[in-house]
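Some notes on the structure that comes next.
Protein chains: 2
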Amino acid sequence: MSLARVHNFSVSLDGFATGEALSREAPFGHAGERLHQWMFATRWWHERSGDAGGTSGADDVFVRRFEPGIGAEIMGAGKYGYPGWHEDPEWKGWWGPNPPFHTPTFVLTRHTRPPLAMEGGTTFHFLDTSPADALKTAREAAGGKDVRIGGGATVIREFLAARLIDHLHVVVVPIVLGRGVRLWDGLEGLERDYAVDTVTTSSGVTHLTFERTAR
Amino acid sequence: MSLARVHNFSVSLDGFATGEALSREAPFGHAGERLHQWMFATRWWHERSGDAGGTSGADDVFVRRFEPGIGAEIMGAGKYGYPGWHEDPEWKGWWGPNPPFHTPTFVLTRHTRPPLAMEGGTTFHFLDTSPADALKTAREAAGGKDVRIGGGATVIREFLAARLIDHLHVVVVPIVLGRGVRLWDGLEGLERDYAVDTVTTSSGVTHLTFERTAR
Numbered sequence: 001m002s003l004a005r006v007h008n009f010s011v012s013l014d015g016f017a018t019g020e021a022l023s024r025e026a027p028f029g030h031a032g033e034r035l036h037q038w039m040f041a042t043r044w045w046h047e048r049s050g051d052a053g054g055t056s057g058a059d060d061v062f063v064r065r066f067e068p069g070i071g072a073e074i075m076g077a078g079k080y081g082y083p084g085w086h087e088d089p090e091w092k093g094w095w096g097p098n099p100p101f102h103t104p105t106f107v108l109t110r111h112t113r114p115p116l117a118m119e120g121g122t123t124f125h126f127l128d129t130s131p132a133d134a135l136k137t138a139r140e141a142a143g144g145k146d147v148r149i150g151g152g153a154t155v156i157r158e159f160l161a162a163r164l165i166d167h168l169h170v171v172v173v174p175i176v177l178g179r180g181v182r183l184w185d186g187l188e189g190l191e192r193d194y195a196v197d198t199v200t201t202s203s204g205v206t207h208l209t210f211e212r213t214a215r
Numbered sequence: 001m002s003l004a005r006v007h008n009f010s011v012s013l014d015g016f017a018t019g020e021a022l023s024r025e026a027p028f029g030h031a032g033e034r035l036h037q038w039m040f041a042t043r044w045w046h047e048r049s050g051d052a053g054g055t056s057g058a059d060d061v062f063v064r065r066f067e068p069g070i071g072a073e074i075m076g077a078g079k080y081g082y083p084g085w086h087e088d089p090e091w092k093g094w095w096g097p098n099p100p101f102h103t104p105t106f107v108l109t110r111h112t113r114p115p116l117a118m119e120g121g122t123t124f125h126f127l128d129t130s131p132a133d134a135l136k137t138a139r140e141a142a143g144g145k146d147v148r149i150g151g152g153a154t155v156i157r158e159f160l161a162a163r164l165i166d167h168l169h170v171v172v173v174p175i176v177l178g179r180g181v182r183l184w185d186g187l188e189g190l191e192r193d194y195a196v197d198t199v200t201t202s203s204g205v206t207h208l209t210f211e212r213t214a215r
């Protein structure tokens, strides 16, 4: 069965997944990269940058679950680009010529454009549709594999509210961002549909996994 | 030195310390007692109820830090009573004739009344004053010991915003309450003044301790 999975989605103690005042120069606004330091310290991240350092403990174990078994990704317009990217016909995402997805990648946006094939197997498809329909499309493209719901917070919240997520991995970083885009809003009682597991690692972050039990 | 300490303060993943629709019948509103199950399972709690059960692991170790070294407590009007308690001259708090504070206990309220001596060493004093002045008064009453800031969320938030808290122990319970009173609002960058430690226990809650480093 093809699952819908969220991985490595970092939020602050007050539940913000990104800051305020997002721009091309500041993709996470005033949050900067403070929510992702735990990830940058892992061996997985270092390997992606072509160097040999990094930690190989629990954070590294979790972060690597991003890839195996994934056949497609769905992301929001706010993950694909800065506010206003749709007015820039040259914009091809943040990730350079070889994005780290390596699968069909569906961007939910009201401003659709033709598919964009990148190096390494990533093709961006632009869809103006509901979460349920996007998931159906992505599942077909995934060829029986799982679909990663890549974020940002608004997209994950919409998929959770529509009860479409099977596996949710959230990383709580012990900082108070104060403002930005919240993950948990409108999801009262979310835990009832899931088995929830929590573990803190030596970096100080807490990994929460929600594994769906009710359908 | 007399510290201002918060202990066993439980919040949901989305940062709510209590629910909505608080009343005499439902002190935590729609949240019920879901934020405190981890505490009820401890040996400490069982001892207070006069029975021999309960767990003696990390949750029990944390919960017991509530008492040692405390010479006074400060609490908000919303912890002392249900909405409207000030119109009930017979209201003496939720805790029966022998409240669990056993020290002078200062209730911040616009509706002051004469001090109320209870069994077991608890005397309620009713103050209409600022957090800083209340802390000064409580410190004098504490005779060199520490002062516990007992909550609820609004009071703790005000004391944190005024930079008056030395030790903050928050327990994050992996549920999404959706509505109620939030702890973290208005506290952007709180972590900068503290050394933060996080640990998850077998009950699934995460204990966060903020130990003040900047003054």
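Residue numbers (the UniProt record's numbering), protein chains in the order written: chain W, 1 to 215; chain U, 1 to 215. We treat Cβ as the ideally placed atom computed from N, Cα and C, and that holds for glycine. Computed from a predicted model, the values in this text were never measured in an experiment.
Closest by CA to residue i, which one among the options?
i, options, result
"G78/U", "V181/U, A31/U and H169/U", "V181/U"
"S202/U", "G71/U, L190/U, V173/U and L183/U", "V173/U"
"M39/W", "G152/W, H7/W, L183/W and G120/W", "H7/W"
"A161/U", "P99/U, G76/U and A132/U", "A132/U"
"G53/U", "E90/U, A41/U, G96/U and D185/U", "A41/U"
"H46/U", "H30/U, V63/U and E33/U", "V63/U"
"E191/U", "G204/W, F28/W, I74/W and P83/W", "G204/W"
"F28/W", "A134/W, P89/W, P83/W and T55/W", "P83/W"
"P99/U", "L108/U, Y80/U and T213/U", "Y80/U"
"P97/W", "R65/W, G120/W and T105/W", "G120/W"
"L108/W", "V196/W, F101/W and I74/W", "I74/W"
"G186/U", "L208/U, E158/U, T198/U and F66/U", "E158/U"
"V171/U", "A26/U, M1/U and A17/U", "A17/U"
"I165/W", "T213/W, T137/W, M118/W and E188/W", "T213/W"
"G15/W", "D193/W, S49/W, A153/W and K136/W", "A153/W"
"L135/W", "P68/W, P115/W and R163/W", "R163/W"
"S49/W", "P68/W, W95/W and A31/W", "W95/W"
"L116/W", "A138/W, E140/W, S130/W and P89/W", "P89/W"
"M1/U", "D193/U, G151/U and E140/U", "E140/U"
"E67/U", "F101/U, A138/U, G57/U and D60/U", "F101/U"
"G189/W", "G32/U, S23/U, E25/U and A72/U", "G32/U"
"D60/U", "Q37/U, A138/U and T105/U", "Q37/U"
"T123/W", "S130/W, T137/W, F106/W and R110/W", "F106/W"
"R24/W", "G93/W, P114/W and Y194/W", "G93/W"
"A138/W", "E87/W, A72/W and D51/W", "A72/W"
Give the DSSP bridge partners of residue i, in chain order.
i, result
"F126/U", "V107/U"
"E73/U", "T105/U and R148/U"
"A162/W", "In the DSSP output, where bridge partners are listed per residue, A162/W has none listed."
"R113/W", "Per DSSP, none; premise fails for R113/W."
"S10/W", "V171/W"
"D197/W", "T209/W"
"T18/U", "V181/U"
Looking only at its own chain, which residues have a Cβ that is under 7 Å from the Cβ of residue i, when we skip the five neighbours before and after it?
i, result
"D12/U", "Correcting the residue identity first, residue 12/U is Ser in this sequence and not Asp. Contacts found: L35, V173, I175, V176 and L177."
"I156/U", "V6, F9, I149 and L183"
"T200/W", "T206"
"T55/U", "A41, T42 and R43"
"L3/U", "D146, D166 and H167"
"G76/U", "L108, G151, G152, T154 and V155"
Please go through the same chain and pick out, in chain order, the residues whose beta-carbon is closer than 8 Å to the beta-carbon of residue i, but skip the five residues on each side of it.
i, result
"T112/U", "F126, L127 and D128"
"I70/U", "R5, T103, A142, K145, D146, V147 and R148"
Classify residue i as helix, strand or coil using the three-state DSSP reduction.
i, result
"H30/U", "helix"
"R211/U", "Before going on, a small fix: residue 211/U reads as Glu here, not Arg. E211/U: strand per DSSP, three-state reduction."
"R5/W", "strand"
"R182/W", "strand"
"V176/U", "coil"
"T42/W", "strand"
"L187/W", "coil"
"R24/U", "coil"
"P131/U", "helix"
"G143/W", "coil"
"L35/U", "helix"
"G120/W", "helix"
Cutting at 6 Å between CB atoms, please list the residues of its own chain near residue i, excluding the five before and the five after it.
i, result
"R179/U", "E20"
"L168/W", "V6 and F210"
"V196/U", "F210"
"R65/W", "H7"
"W91/U", "G81 and W85"
"L208/U", "V170 and T198"
At which residue ranges does the segment 44-93 of chain U contain complete beta strand (DSSP E) runs of 3 or more residues, listed in the order of the chain?
List check, beta strand (DSSP E) in window: 70-76.
Can you pull out the residues from the segment 163-191 of chain U whose beta carbon lies closer than 9 Å to at least one beta carbon of chain A?
The structure shown contains no chain A; its protein chains are W and U.
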